[in-house]
Structures are given as structure tokens and as C-alpha cells.
């Protein structure tokens, strides 16, 4: 098993674990403040349980990747297009996507725009439209960034990119011009199986996000609402998420 960080020619950091030759690859897409390291051992454990290969990467502006691209309202769609390009670089023709928060939204857009490349999607705390609870949650986190050790903790992962990364996220999600952001029109084009995971106490989104995804996608969909969990069920209640996710993966990859 390789745990070395590698880089594309365009400066994208990634880690690839290929313990299961001939089996599908799960690509993990981190959240708004995350990176390869913040996933912990979750990707490796899911890969082992589902007998799949694993690829984790840092989007531009995060972790060890190159600086952030200019951000506008369509920044998540831009990242979906980049993922498609990266799959070409990595030689991956067909993948299952596991996306957390922003990563979940990117996974859904990717599945909509590039259906032949995606055989399954797992989302965790994904958004398809902006809710007041999300805006309030971002504002609360911005206050923690100013008044607690959150900034120094993030700096351990993102280094001198931390300030730009955090500001881009906080300013985008609290801006008036972003309030009408919506990707629900992408959902009917998603025909692959989808598992929608959300914590029952998610501070950034309500169950309406889950319902929109489950009802809006065209393929088979299911949900996992984890009682008592917040925005990061794969960390807070890892065993529960692993059990459901691995069963989903086995169904999708053995078809």
C-alpha cells in the first residue's frame, strides 16, 4: 500500500491506494475546509471493507495543492470539470465518488455532467441550495476562526493558503449574490445509484437537502440520517457510516 503524496504536473496533490487490482476506485472529495489529511483513516477503511482502490486529492487552494483558482458562483461546477480532467490524468475511466459537504455537491455535479465516468455517488452533508442554517453556520464558524485556535489548527493542514481558503469560503456562502445558488437542475441527469448521508444535528443543512437529492436524482437512491451526528458523520460516527457505505459500495461495484 502506497501512502506517499504525489503531484500532477498542474500541482494537484493526491494519494492513491491500489490494494485491489481490477477493482473500482473510490475518489474522495473533501469539505470546504478539508484536505487529504483531514479524512483520517476513513478512506482506507472504506476501501478495505468494499475491496476497492482509493484516491484522495486536495483541490486547488487546499492542503498541499497549488494556490486557489479565482472563485465565482459556479466554483463547484468548475471543480467538477477539473475532476473530470484529473480522472483522465490518473487513467480512471469509471469511479465511485464520496463527497463531503462542498465535495458532495461537486460529486453530484460531476455525476450529472459526466455520467459515463461515474458508477455511484455517496454524499455527506452535501448542499444543493443555500439555506439560512448554512449561512448562520458559516457565520458562527467565522467567529470561531477569529476568536479561537481554529485558524492555527487549519494552518497545520493548509499552511500559508489558510487565510485565502477560509475567506473565500466564508465570504462566498454569506454573500447576497450567492443566496440563489442552486444545483437542483443537475439532479435529474444523475442515473447512477446515490447514497445520501447526513447527521441529524448538522449545523449547516437540514433534512430538506437530503430529500431534494433523493427525490431529484433519476437512479436508485437511499439515505442514511445519523441521529446525534453533526456535519461530519464519517468522523463522529465512523462505524455506522462505514457499515452502510460499504454495503452500498459492494452493491454498486458487484453489479
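Residue numbers (this note's numbering): 1 to 255. Virtual Cβ for every residue (Gly too), placed ideally from N, Cα, C. Predicted, not measured: the structure shown is a model, and the values here were computed from it.
Work out the CA separation of residue 166 and residue 157 for me, nearest whole Å. Against the chain shown, residue 157 aligns to sequence position 157. Against the chain shown, residue 166 aligns to sequence position 166. Near 12 angstroms, if we compare the C-alpha coordinates of residue 166 and residue 157.
Residue 127 (DSSP reduced to helix, strand or coil): On the chain shown, position 127 is the one that residue 127 refers to. In the three-state reduction of the DSSP assignment, residue 127 falls in the coil class.
Inter-stretch contact (C-beta, 8 angstroms, three-pair minimum) for the stretch 95-102 and the stretch 124-138: For the pair of segments examined, the stretch 95-102 was found to touch the stretch 124-138: the number of CB pairs separated by less than 8 angstroms reaches three.
Would residue 206 be called buried (16 or more neighbouring beta carbons within 10 Å of its own) or exposed? Your numbering for residue 206 matches position 206 in the chain shown. Result: exposed.
Within the stretch 172-246, note down every full alpha helix (DSSP H) run reaching 4 residues or more, in order along the chain. Unbroken alpha helix (DSSP H) stretches of 4 residues or longer found wholly inside the stretch 172-246: 207-216 and 233-236, given in chain order.
With DSSP as the reference, identify every bridge partner of residue 20, one or two as the case may be. As a first step, residue 20 must be located in the chain shown, where it is residue number 20. In DSSP, residue 20 forms no bridge with anything.
Could you give the distance in angstroms between the alpha-carbon of residue 183 and the alpha-carbon of residue 112? For the purposes of this step, residue 183 is taken as residue 183 along the chain shown, with counting starting at 1. For the purposes of this step, residue 112 is taken as residue 112 along the chain shown, with counting starting at 1. Near 10 angstroms, if we compare the C-alpha coordinates of residue 112 and residue 183.
How far does the alpha helix (DSSP H) with residue 147 in it extend, from its first residue to its last? Translated into the one-based positions of the chain shown, residue 147 becomes position 147. First-last of the alpha helix (DSSP H) with residue 147: 132-147.
Own chain, CB closer than 7 angstroms to residue 245, minus 5 neighbours either side, in chain order: Along the chain shown, one-based indexing puts residue 245 at 245. Contacts found: 46, 122 and 195.
Are the Cβ atoms of residue 109 and residue 142 separated by less than 8 angstroms? To locate residue 109, count along the chain shown from 1; it is residue 109. To locate residue 142, count along the chain shown from 1; it is residue 142. No, these two residues do not count as a Cβ contact at 8 angstroms.
When the Cα atoms are used, what is the spatial distance from residue 74 to residue 172? Looking up residue 74 in the chain shown gives position 74. Looking up residue 172 in the chain shown gives position 172. CA-CA distance, residue 74 to residue 172, rounds to 11 angstroms.
Does the contact criterion of 3 or more C-beta pairs under 8 angstroms hold for the stretch 41-58 versus the stretch 11-29? Yes: the two stretches touch, three or more of their Cβ pairs being nearer than 8 angstroms.
Using DSSP bridges, identify the partner residues of residue 89. The residue you call residue 89 lines up with position 89 of the chain shown. Note: residue 89 sits in no beta bridge, so no partner.
So, at 7 angstroms on beta carbons, what are the nonlocal neighbours of residue 118 in its own chain, with the 5 sequence-adjacent residues on each side left out? In the chain shown, counting from the first residue as 1, residue 118 sits at position 118. Within the same chain, residue 118 has close Cβ partners 95, 97, 110, 111 and 192.
For residue 213 versus residue 128, is the C-beta spacing smaller than 8 angstroms? For the purposes of this step, residue 213 is taken as the residue at position 213 of the chain shown. For the purposes of this step, residue 128 is taken as the residue at position 128 of the chain shown. Note that the C-beta distance between residue 213 and residue 128 is below 8 angstroms.
C-alpha gap between residue 147 and residue 138, whole angstroms: Here residue 147 is taken as the residue at index 147 of the chain shown, counted from 1. Here residue 138 is taken as the residue at index 138 of the chain shown, counted from 1. Spanning the two alpha carbons is a distance of roughly 14 angstroms.
Per DSSP, cross-strand counterpart(s) of residue 151: As a first step, residue 151 is located in the chain shown; it is residue number 151 there, counting from the start. Its beta-bridge partners do not exist; DSSP assigns none.
Outcome for residue 188 when other beta-carbon atoms lying within 10 angstroms are tallied against a minimum of 16: As a working note, residue 188 is residue 188 in the chain shown. An exposed status is given to residue 188, since fewer than 16 other beta-carbon atoms sit within 10 Å of its beta-carbon.
Using 8 angstroms as the threshold, is the C-beta distance between residue 161 and residue 227 below it? Numbered from its first residue, the chain shown carries residue 161 at position 161. Numbered from its first residue, the chain shown carries residue 227 at position 227. Residue 161 is not a Cβ neighbour of residue 227, given a cutoff of 8 angstroms.
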